[in-house]
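Heads up, the thing below is written out as structure tokens.
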Ligand SMILES: [Fe+2]
């Protein structure tokens, strides 16, 4: 479970970087029509990264308590 949380957190940040890069590319090539969907996806990834960040402590604590029981 802890490894999954670690990997999921890393992957969300990978996705955030990817969408930011795609938004830059859209600007460079003048593909503004792609930007709203890219921005929507970026916001989803940022929201998930924030959720993971907010839950790491409680998830880790729950895991340790379950293992200790
Ligand atoms: Fe994601």
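In the numbering used here, the protein residues as written are 1 to 69. Every residue, glycine too, gets a C-beta built ideally from N, C-alpha and C. Small disclaimer: the values here were computed from a predicted structure and weren't measured.
N- and C-terminal bounds of the alpha helix (DSSP H) containing residue 22 = Where residue 22 is concerned, the enclosing alpha helix (DSSP H) stretches over 2-29.
Contact set, ligand 1 heavy atom to C-beta under 6 Å = Per the Cβ criterion, the list is 12, 15, 45 and 48.
Ordered along the chain, which non-local residues of its own chain (more than five positions away) have a Cβ less than 7 Å from that of residue 12?
-> Cβ contact annotation for residue 12 (same chain, cutoff 7 Å, sequence separation greater than five): 45, 48, 49 and 52, in chain order.
Beta-carbon gap between residue 34 and residue 26 smaller than 7 Å | When the beta-carbon positions are compared, residue 34 and residue 26 come within less than 7 Å of each other.
Label residue 21 either buried or exposed according to how many other C-beta atoms from any shown protein chain fall within 10 Å of its C-beta, with 16 as the threshold for buried.
-> Around the CB of residue 21, fewer than 16 other CB atoms lie within 10 Å, so the residue is classed as exposed.
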